[in-house]
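**Student:**
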Ligand SMILES: [Fe+2]
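In the working numbering, the protein residues as written are 154 to 450.
#1: In whole angstroms, what separates the C-alpha of residue 202 from that of residue 414?
#2: Does residue 343 come out as helix, strand or coil in the three-state DSSP assignment?
#3: From residue 223 to residue 422, what does the alpha carbon distance come to, in whole angstroms?
#4: Should the stretch 316–333 be called in touch with the stretch 271–280, which here means at least 3 C-beta pairs below 8 Å?
#5: Which term fits residue 443, buried or exposed, when burial requires 16 or more other beta carbons within 10 angstroms of its beta carbon?
#6: Out of 411, 197 and 403, point me to the one whose CA is closest to residue 306's CA.
#7: For residue 370 versus residue 394, is the C-beta distance shorter than 8 Å?
#8: Just to check my reading of the structure: residue 300 and residue 235 have Cβ atoms closer than 8 Å, yes? What is that Cβ distance to the nearest angstrom?
#9: Provide the residue(s) that pair with residue 246 in DSSP beta bridges, ordered along the chain.
#10: Give a single yes or no on whether residue 357 has its beta carbon closer than 7 Å to a heavy atom of ligand 1.
#11: Does residue 210 come out as helix, strand or coil in the three-state DSSP assignment?
#12: Looking only at its own chain, which residues have a Cβ that is under 6 Å from the Cβ of residue 406, when we skip the five neighbours before and after it?
#13: Identify, in the order they occur along the chain, each residue of the same chain with its Cβ nearer than 7 Å to the Cβ of residue 239, setting aside the five sequence neighbours on each side.
#14: Spell out whether any CB of chain C is found under 8 Å from the CB atom of residue 269.
#15: Terminal residues of the continuous beta strand (DSSP E) containing residue 362?
#16: Could you check whether residue 383 and residue 457 sit closer than 8 Å to each other, using their CB atoms as the reference points?
#17: Would you kindly work out how many angstroms separate the C-alpha atoms of residue 194 and residue 188, rounded to a whole number?
#18: Let me make sure I understand the geometry here. Which of 351, 433 and 380 has the alpha-carbon closest to that of residue 212?
#19: Assuming the contact rule is C-beta atoms closer than 8 Å, residue 270 and residue 251 should be a hit. Round their C-beta distance to whole Å, please.
So, in structure tokens, the structure goes:
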């Protein structure tokens with residue numbers, strides 16, 4: 154097996170700060186090169202989040218993770234997951250070194266390819282790592298790709314990204330906010346209460362608890378244009394979480410052409426991360442306890 158050769162080209166802002174972006178496209182998952190420490194890191198993170206997410210993650214996340222046969226025993230093999238995924242929703246996981254350039258990432262999504270970082274964090278990084286690693290990408294993002302509606306949403310998002318890339322920087326900012334507040338930090342209303350579906354949350358012990366139980370953040374209903382105007386936090390937990398009623402609602406929201414929406418929003422100011430609007434459907438108005446005054450992006 155050839156060892157992947159990372160090529161770092163720039164750095165990109167993420168929820169954990171600036172991290173490298175790589176040009177290397179798909180690489181084969183070097184599964185046999187994982188050490189026992191790598192498998193132990195997977196096991197420790199998996200077991201911890203399994204406990205935290207019980208009664209916090211949405212049922213589709215839990216059920217699909219089980220359907221994949223993911224266990225703490227060993228880092229999953231992408232080719233085995235792909236057998237399940239291809240039959241269910243036509244998606245394929247591809248191994249990557251880390252973050253990809255924006256357009257490359259959108260093109261992969263549009264083609265139902267989900268890039269997964271092949272390497273896992275070191276034992277001393279269990280609680281904090283700047284770059285998305287295998288645990289975030291695989292544990293966090295992959296289970297919901299088995300859900301047909303969410304799988305369609307991700308592909309629609311990729312197509313939207315390719316289009317926005319051709320429109321300009323402002324359109325990309327609007328679209329990035331949508332990804333942030335849904336795919337990474339989304340909540341869903343289910344019969345038994347608010348539940349998590351965002352990958353940035355499910356892969357973080359602290360935010361899994363904070364987003365549902367802390368009085369500090371706002372929890373308000375999903376609204377496409379409102380989200381596209383809303384700035385967010387990359388250095389702290391989110392000040393506002395947006396709640397969808399169903400994955401159908403998410404998919405439906407992407408049906409219109411976004412071009413007129415981008416034009417309309419370009420005329421309007423952005424909304425601060427912690428602001429609550431009179432038009433919001435408020436599930437919980439945050440107390441703003443512990444919020445940093447500025448620093449929204
Ligand atoms: Fe992510």
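For glycine and all other residues, C-beta sits at the position ideal for the given N, C-alpha and C. The structure presented is a predicted model; accordingly, all values stated were derived computationally and were not measured.
**Tutor:** Here's the rundown:
#1: 38 Å
#2: strand
#3: Spanning the two alpha carbons is a distance of roughly 44 Å.
#4: no
#5: exposed
#6: 403
#7: yes
#8: The Cβ separation is near 16 Å, so there is no contact.
#9: 267
#10: Every heavy atom of ligand 1 is 7 Å or more from the Cβ of residue 357, so no.
#11: strand
#12: Here the set comprises 377.
#13: 245
#14: Protein chains in the displayed structure number just one, and chain C is not present.
#15: Counting along the chain, residue 362 falls outside any beta strand (DSSP E), though it belongs to the alpha helix (DSSP H) covering 358–366.
#16: Nothing can be reported for residue 457: it is not among the residues displayed for the chain, which extend from 154 to 450.
#17: 10 Å
#18: 351
#19: 5 Å
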